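Working notes, beginning with the structure itself.
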Amino acid sequence: MTGHANSRRQMRLSGRIGRGNDMQQRRTAVGSDAPRKKEYKLPVKSKRVEDFRPLLESLDARDELNEVFKNRIAKAVQLLDDGVALYPNDFAKGDDIGPVAEAHEPLAEEALAELGRTFRLAGRIVSLRSFGKVAFFTIQDASGRIQVFAERETLGQEAYTVFKKFDIGDIVGVTGRLFRTKTGELTLHADTLSLVTKSMRPLPEKYHGLKDVETRYRQRYVDLIVTPRSVEIFKARTTIIRELRAFLDSSGFMEVETPMMQAIPGGATARPFVTHHNALDMGLYMRIAPELYLKRLLVGGFEKVYEVGRNFRNEGVSTRHNPEFTMCEFYWAYARYTDLMDLTERLFARLAKAVTGSETVSYQGQEINLAPGWARLSFHESIEKVGGIDPEIIRDYDKAKALVEKSGEKVLKGEKLGKVQAKLFDIFVEPKLIQPHFIYHYPTEISPLSRRNTDNPEITDRFELFIAGREMANAFSELNDPVDQRQRFEDQVREKEAGDDEAHRMDEDYVRALEYGMPPAAGEGIGIDRLVMLLTDQASIREVILFPLLRPEGQPGS
RNA sequence: GGGCCGUUAACUCAGUCGGUAGAGUAUCUGCCUUUUAAGCAGAGAGUCGCUGGUUCGAGCCCAGCACGGCCCA
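Per the numbering used here, residue 1 is the first one in the first sequence, and the count goes up by one each step.
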């Protein structure tokens, strides 16, 4: 781009609204070698229009400068000319709307009149019905909504004229007393009315709301203003994580934080994101799991630890996958994987109750009962009984491979029987596990960090939890034999060299930690996003992540 | 990565056979002191995602691209 664009950007950066004449002069000086300034026609005549030039220019540059913006800017100019600040910070909010509305909803008009109390509320105007000398509007804060009644007779001519310049989307402060309208709605009769924050952009239509999902995700701030369900979902998410912490805390677990940037990414089979530390000139990976660090803490002597936080996996996006997602992992020394099954049942039942009030939840039209006492099936059993596959096929590599390939999945060269069986499971079993099922005793080949079963070294003391046809948790008795662990890493390294770029790398420090001695332990990871989806009945992971990953918005002209 | 669908005013959506771009909401003007998807009368508002092509003529047909959605891998 040219110097023309640069000088325009400088002007934009230097200007802040309402700063006075020195700023204007400086802008003029900076822009003196730029082309003549464009005239913007607004439905108002005032020197202050010039203060809004940065906004006008940026809107114009993006072809967004429509009549609505011009009107809003004109109103802002008029408000400033009348001595009304657009972004003051002196309104003392006294009450939250929600509690006020709830507490007084049962009261009749007479009881409200006897209160003799003035409320100080602040919120965003989300709808407005204006008559000549009187108006009703609804304000919304974090706790709820309430209707406000404004009349010229009470407010006075001057204040009412100012009020007429308020728009839907503005944040206002109101004081007044409560009453009931003719139709019986609890309403605040405004004694005073003040602008707290001017909104320059129009909100989406009130009836249909914001339907375009792309805009809802990209401009989540707008979504949260106009989509109550969206707010509910994210409040539920917070409830879930708070209850999860409370449950683990009260069970004696200690919350810890381990590195998200790791030199050797481990603890899961996934491709990592790569990053770089400049000062140390060191390659780093964003973690794919906290597992290996949490187990180091068991070596260090902490017996019950957990971490809830973000993991990063360099894979595609879908309705079930976001590259950064939240997991809770916890490790419990001297426990076995079966202890974790019991704990998981109690945890999920409690979370369901906290969010929905019931241990039974409805997910995408299916009733799912999360009350403890879930089905428990071994991996092989599940393929046979749920998947309906002949045991002879399950045990025979070639037959199993043939069936997988017939079903449209690929079997890569060098993949062992356990991996092929896992594919059979994914195809024939997983989608059928609607009610909660613990599937245990996974093949050792696909469980490089799990402890082998004492009676059968081919399988591990591991389970995965499935609900609504999806994996919700992965848990196992931990492998704490450093020699076995080293060999499993070496197997993984060979698979990596053979082309499996999701296979583990050798982590010498982790093996060294095990060589000091890690107590026998059981550990589990729970995918929080999927759990929130389940408990809020959402089909897409993007509905439960505030800012899901999207490609950048198209920049016209770039 | 593949298939299907979508992208038209700030928002929600129509747009017939290829023939001057439509509605509701929002905005603006006027009336209006109990509305609640307030009402009545009027007005303004568009790079039809982008780039090409076909055609006398493209929102519409064709190709490519971008972004998104759903399904599959």
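By construction, the Cβ of each residue, glycine as well, lies at the ideal position given by its N, Cα and C atoms. Keep in mind it's a predicted model, so treat the numbers as computed, not measured.
(request) Return the chain-ordered ranges of every beta strand (DSSP E) run that is complete within the region 159-183 and spans a minimum of 3 residues. (result) 171-180
(message) Threshold first: 4 residues or longer. Then list the alpha helix (DSSP H) segments lying entirely within the region 228-302, N to C.
(response) 228-250, 291-300
(message) Can you tell me whether E64 is helix, strand or coil according to DSSP?
(response) coil
(message) Whole angstroms are fine: how far does the CA of D481 sit from the CA of I233?
(response) Approximately 43 angstroms between the Cα atoms of the pair.
(request) Name the two residues that bound the continuous beta strand (DSSP E) containing Y207. (result) Premise fails: Y207 is in no beta strand (DSSP E) and is neither H nor E.
(request) Sort F476, K37, Y440 by Cα distance to R376 and report the nearest one. (result) Y440
(request) Tell me where the beta strand (DSSP E) around G309 begins and ends. (result) 304-312
(message) Using only the alpha-carbon positions, how far apart do D141 and E359 sit?
(response) Answer to the nearest angstrom: the Cα atoms are 31 angstroms apart.
(request) Note down, in chain order, each residue of its chain lying with its Cβ closer than 7 angstroms to the Cβ of V68, except the 5 sequence neighbours on either side. (result) P202
(request) Might you give, ordered along the chain, the residues of its own chain that have their beta carbon closer than 8 angstroms to the beta carbon of R505, omitting 5 neighbours on each side? (result) I264, P265, G266, F489, Q492, V493, K496
(message) For S450, count the other beta carbons within 10 Å of its own beta carbon; 16 or more makes it buried, fewer makes it exposed. Which is it?
(response) Classification of S450: buried, given that the 10 Å Cβ count is 16 or more.
(request) Look at the alpha carbon of V532 and the alpha carbon of F131, and state the distance between them as a whole number of angstroms. (result) 44 angstroms
(request) State the beta-bridge partners of R462 as determined by DSSP. (result) Paired residues: F476.
(message) Any contact between the region 152-166 and the region 180-198? By contact I mean 3 or more CB pairs, one from each, below 8 angstroms.
(response) yes
(request) Taking 8 angstroms as the threshold, find out whether the region 536-551 comes into contact with the region 346-354 through three or more Cβ pairs. (result) For the pair of segments examined, the region 536-551 was found not to touch the region 346-354: the number of CB pairs separated by less than 8 angstroms stays below three.
(request) Identify, in the order they occur along the chain, each residue of the same chain with its Cβ nearer than 7 angstroms to the Cβ of F253, setting aside the five sequence neighbours on each side. (result) K304, V305, Y306, F330
(request) Indicate whether G83 and R120 have their beta-carbon atoms separated by less than 8 angstroms. (result) no
(message) Using C-beta distances below 8 angstroms, list every residue in its chain close to E105, excluding the 5 sequence neighbours before and after it, in chain order.
(response) L186
(message) What does the alpha-carbon distance come out to for the pair T227 and N278?
(response) Cα to Cα, the separation comes out at about 42 angstroms.
(request) Would you kindly report the start and end of the unbroken alpha helix (DSSP H) that includes G418? (result) From DSSP, the alpha helix (DSSP H) with G418 extends over 417-428.
(message) Tell me which residue opens and which closes the alpha helix (DSSP H) that S382 is part of.
(response) 379-385
(message) Under DSSP, the alpha helix (DSSP H) around T319 begins and ends at which residues?
(response) Neither: T319 is in no alpha helix (DSSP H) and is coded neither H nor E.
(request) Classify E601 as buried or exposed, calling it buried when 16 or more other Cβ atoms lie within 10 Å of its own Cβ. (result) The shown model of the chain, from 1 to 558, leaves out residue 601, and the question about it has no answer.
(message) Using the three-state DSSP reduction, which class does S58 fall into: helix, strand or coil?
(response) In this structure, S58 counts as helix in the three-state DSSP scheme.
(message) Given a cut-off of 8 angstroms on the beta-carbon distance, is the pair R470 and N322 in contact?
(response) no
(request) Return the first residue and the last residue of the alpha helix (DSSP H) that H104 is part of. (result) 97-104
(message) When you compare the CB positions of G144 and I97, do they come within less than 8 angstroms of one another, or not?
(response) yes
(message) Tell me the rounded alpha-carbon separation between V49 and T258.
(response) 52 angstroms
(request) Identify the continuous beta strand (DSSP E) that holds L193 and give its terminal residues. (result) 186-197
(request) Would you tell me roughly how many angstroms separate the C-alpha atoms of G523 and E478, rounded to the nearest one? (result) Rounded to the nearest whole angstrom, the C-alpha separation of G523 and E478 is 7 angstroms.
(message) Using only CA atoms, which one of L412, Q262, R242 lies nearest to C328?
(response) Of L412, Q262, R242, the residue nearest in Cα terms is R242.
(request) Could you spell out the range, first to last residue, of the alpha helix (DSSP H) harbouring D491? (result) 482-497
(request) Name the residue from V411, M518, R530 whose alpha carbon lies nearest to the alpha carbon of S318. (result) R530
(message) Assuming I171 and T197 are in contact, meaning their beta carbons sit under 8 angstroms apart, how far apart are those beta carbons, in whole angstroms?
(response) 4 angstroms
(request) Look at the Cβ atom of M286, then the Cβ atom of F273, and state whether they are nearer than 8 angstroms. (result) Yes, the pair counts as a contact, with Cβ atoms nearer than the cut-off.
(request) Over the uninterrupted alpha helix (DSSP H) stretch that includes F631, give me the two end residues. (result) Residue numbering for the chain in the displayed model covers 1 to 558; residue 631 lies beyond these limits and cannot be assessed.
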